[in-house]
Amino acid sequence: MSAGEFVLYWRKNKINNMAKSFNIITSGTGGQGLITLLQIIAEAALLEGFDVKTSELHGLSQRGGSVETHIRFGNKVYSPLVSLGSADLILSLEISEALKMLFYASPKTVFVINKNLISYPGGFEEKKLIQKIKNFGKGSKYIIPASEICQKELGKEVVSGIYLLSYAVHKNLIPLKPKSILKAVSKVVPEKYLDLNKKAFELAKK
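Residue numbers (the numbering used here): 68 to 273.
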């Protein structure tokens, strides 16, 4: 079963799977808009009538430090934390931060990753990090140059998270409707940044 087929199956059978939630991990570094991304996904899930629990972990007060968020939604969700090995989707805005999230993944977990690497002294090469992720499990891995695309087309790479989210939703990698995500963007994002975020959302459809 492909990632898209799994999501369609999950959405179709959600009434009969009261205990099953859809589990998302997002990761990156401070200043990349991960908390906004969490709020958008949570709001979209609420709009579709799901119970939602979220959590924010690690270095939130430090710009440039690691940031990790958990989003769980379903008919009934009890814990805000994604258990080890139970993530359905890992969406990361930076390659090395995606690698750090592998312990949340199962062999079927889908990865959507921004092809963006923040260089650290003694760090691994980009190709080696990507290969480590690709070698893990059998789930689909989408490595997308979202920062590069957003910078080139919109002049701002800060909306790469919205671009990746839109990509994932339109690929049926998340059991939420694109229109719900767009409504959530309008509700969560401040007015002065709204047009830019909507453009990033539409750009990912192309």
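Even for Gly, the Cβ is constructed at its ideal location relative to N, Cα and C.
(message) If distances are taken between C-alpha atoms only, which option among Lys194, Lys175, Ile229, Glu215 comes closest to Lys205?
(response) Lys175
(message) Under 8 Å, with one C-beta from each stretch per pair, do the stretch 155-164 and the stretch 86-95 reach the 3-pair mark?
(response) yes
(request) Please look up how many angstroms separate the CB atoms of Ser247 and Ala111, rounded, as I've assumed it's under 8 Å. (result) 4 Å
(request) Please classify Leu104: is it buried, with 16 or more other beta-carbons within 10 angstroms of its beta-carbon, or exposed? (result) buried
(request) Go through its chain and collect everything with a Cβ distance to Lys194's Cβ below 8 Å, but skip five positions before and after it. (result) none
(request) Output the distance between the C-alpha atoms of Pro188 and Lys208, rounded to the nearest integer angstrom. (result) With a pLDDT of only 46 at Pro188, under 50, the local geometry of the prediction cannot be trusted, and no value is derived from it.
(request) Would you mind working out which of Glu115, Glu258, Lys87, Ile162 sits nearest Lys244, comparing C-alpha positions? (result) Glu115
(request) Could you check which residue in Gly228, Leu101, Ile102, Gly141 has the C-alpha nearest to that of Ile211? (result) Gly228
(request) Alpha carbon to alpha carbon, how far is Lys265 from Val256? Give it in angstroms, no decimals. (result) 10 Å
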